[in-house]
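Engineer: Going letter by letter, the sequence shown gives residues 1 to 351 in the UniProt record's numbering.
Please find one structure pasted underneath; my questions will follow.
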Amino acid sequence: MSRVTVPRKDLLAAVLVLTVLWVPSISMAGDWPRICAGTALAALTGAALVFNRRAPVAATAAVAVTTLVGAAAGVCQDPMLATAWCLYLVAVERGPRVRTLVVALVGVLAGLAAVTGVSPGLGTWLVVATAALCSAWLVGTAVGRQVASVREAERMRVQLEVAREVHDVVGHTLGVIAAEAGVTRGLPDASEAELRETLADIESHARDALEEMQGLVHSLRNPRPALSGLPTIIATTRAAGVAVHARVEPHGPVDAEVGAAVVRIAQEALSNVVRHAPRARCTVELWEAQETIALRVHDSGAPGMTPASSGTGHGLRGMRERAAALGGTVVWGGTAKGGFEVEARLPMRRS
């Protein structure tokens, strides 16, 4: 059985409205019929305020009706402030769509003034009520737009994160598969045993890609791959035919999110080597430098390769965005010795 929870601010609003705007008038009603009627109206008002988030429009209408009836009976001193609070909450979620409700409420107030005549006391009450309702709608609409903007920004951030994870997780393995298939196609005299071995490798990497895709949702909801996963990425690159020399220096503990970013950046950099310079020699270095963890991936290049052909677009941009989100940097480009180099530095944020 689910437990009903009431936001504390709604409970507080109900208590304030009843004790300040209803109880004093009810206590001075003078006769039991009015006291009983006022108590019933106050109870309905309190219930609507407490549960207004379950049916906000209905709650707003209910509070407006009980307030008007209570004011007419002389058992309520509320100049539509409780209604304005409910209207504010509706406007935050629905914005301009509640304009009709505001017009209807103001129209009721105008009709009340026309029917009863505007005495000095009633005139003040109507002015305050109209101002409260209009202000609640305007402020609620503005706040609602801000809330919607924040929600949209968060949605875009999550969408970008998912796209980046898909690219990083699957792109490396698919690049290895493409490289192996290309090498095999370039060997017209390959024996049947060699072809079978290559096909077995392609099948193995394809299964790896499938497993990575199946585990993508899990990886997004749970801690990212640890820095200890770097040797696996290097081994996969070697299986694609790239000669990789790894040099990992001792370093202190690295925050899990930072470690995952380092692994993803290395994965994308090595994927670029497989795609653009599969016969190059490659060096992967990892070391600690002044409270940062540094990664460098350098390849010797391939004939005719230029920095522009060494990986552009989503991959390199994704590396830079991933590092920037953690306060780090990624730079890349050709080197004086030839080839292409990617270097990343991220704060260790020690665990």
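Glycine included, every Cβ here is placed at the ideal spot set by N, Cα and C.
Keep in mind that this is a model prediction, so the values were computed, not measured.
Sort out for me which residues DSSP pairs Ala243 with in a bridge.
Structural biologist: Indexing the sequence shown from 1 puts residue 243 at position 243. Partner(s): Arg281.
Engineer: When you compare the segment 319–335 with the segment 244–254, are there three or more beta-carbon pairs, one atom per stretch, that lie closer than 8 Å?
Structural biologist: The segment 319–335 vs the segment 244–254: no contact.
Engineer: Looking at the structure shown, is Asp255 part of a helix, part of a strand, or coil, going by DSSP?
Structural biologist: Here residue 255 corresponds to residue number 255 of the sequence shown, with the count starting at 1. Here Asp255 sits in coil by DSSP.
Engineer: Tell me the residue span of the beta strand (DSSP E) that contains Glu343.
Structural biologist: Within the sequence shown, residue 343 is the residue found at index 343, counting from 1. 340–347 is the extent of the beta strand (DSSP E) around Glu343.
Engineer: Just to confirm the assignment, what range does the beta strand (DSSP E) spanning Ala294 have?
Structural biologist: Looking up residue 294 in the sequence shown gives position 294. Segment 292–299, the beta strand (DSSP E) holding Ala294.
Engineer: Who are the near neighbours of Glu341 in its chain, counting only those whose CB is closer than 6 Å to its CB and skipping five residues on each side?
Structural biologist: Taking the first residue of the sequence shown as 1, we reach residue 341 at position 341. His298, Thr335.
Engineer: If you draw a straight line from the alpha carbon of Glu285 to that of Ala235, how long is it in whole angstroms?
Structural biologist: Within the sequence shown, numbered from 1, the residue matching residue 285 stands at position 285. Within the sequence shown, numbered from 1, the residue matching residue 235 stands at position 235. Straight-line Cα distance between these residues: approximately 15 Å.
Engineer: Specify the secondary structure class of Ala289 as computed by DSSP and reduced to three states.
Structural biologist: Taking the first residue of the sequence shown as 1, we reach residue 289 at position 289. In this structure, Ala289 counts as strand in the three-state DSSP scheme.
Engineer: Check whether the segment 61–69 touches the segment 78–91, taking contact to mean three or more Cβ pairs, one atom from each stretch, closer than 8 Å.
Structural biologist: Result yes; three or more Cβ-Cβ pairs closer than 8 Å.
Engineer: Nearest-angstrom Cα distance between Gln290 and Arg296?
Structural biologist: Within the sequence shown, the letter at position 290 stands for residue 290. Within the sequence shown, the letter at position 296 stands for residue 296. Each residue's alpha carbon lies about 16 Å from the other.
Engineer: Are residue 353 and Cys86 touching if we call contact CB-CB under 7 Å?
Structural biologist: No answer is possible for residue 353: it lies beyond the span of the chain, which begins at 1 and ends at 351.
Engineer: Measure the Cβ-Cβ separation of Gly315 and Val263 and say whether it is below 7 Å.
Structural biologist: On the sequence shown, position 315 is the one that residue 315 refers to. On the sequence shown, position 263 is the one that residue 263 refers to. Not in contact: Gly315 and Val263 (Cβ atoms no closer than 7 Å).
Engineer: Which residue from Leu346, Arg157, Pro24, Lys9 puts its Cα closest to that of Val258?
Structural biologist: The sequence position of residue 258 within the sequence shown is 258, counting from 1. Nearest option by C-alpha distance: Leu346.
Engineer: What are the boundary residues of the alpha helix (DSSP H) that Gly38 is part of?
Structural biologist: Start at 1 with the first residue of the sequence shown, and residue 38 comes out as number 38. Residues 32–50.
Engineer: Taking 6 Å as the cut-off, does the CB of Asp10 come closer than this to any heavy atom belonging to the ligand ADP?
Structural biologist: Ligands in the displayed structure: none, and consequently the ligand ADP is not present.
Engineer: Compare the Cα-Cα distances from Thr292 to each of Leu199, Ala72, Pro278, Ala261 and report the closest residue.
Structural biologist: In the sequence shown, the residue the question calls residue 292 occupies position 292. Ranking Leu199, Ala72, Pro278, Ala261 by Cα distance to Thr292 puts Ala261 first.
Engineer: What do you get for Val150, buried or exposed, if any count of 16 or more other CB atoms within 10 angstroms of its CB means buried?
Structural biologist: Taking the first residue of the sequence shown as position 1, residue 150 is located at position 150. Per the 10 Å Cβ criterion, exposed.
Engineer: Using 10 angstroms around the beta-carbon of Gln267, count the other beta-carbons present and answer buried if the total reaches 16, otherwise exposed.
Structural biologist: Position 267 of the sequence shown, counting from 1, holds the residue named residue 267. Answer is buried; the Cβ neighbour count reaches 16.
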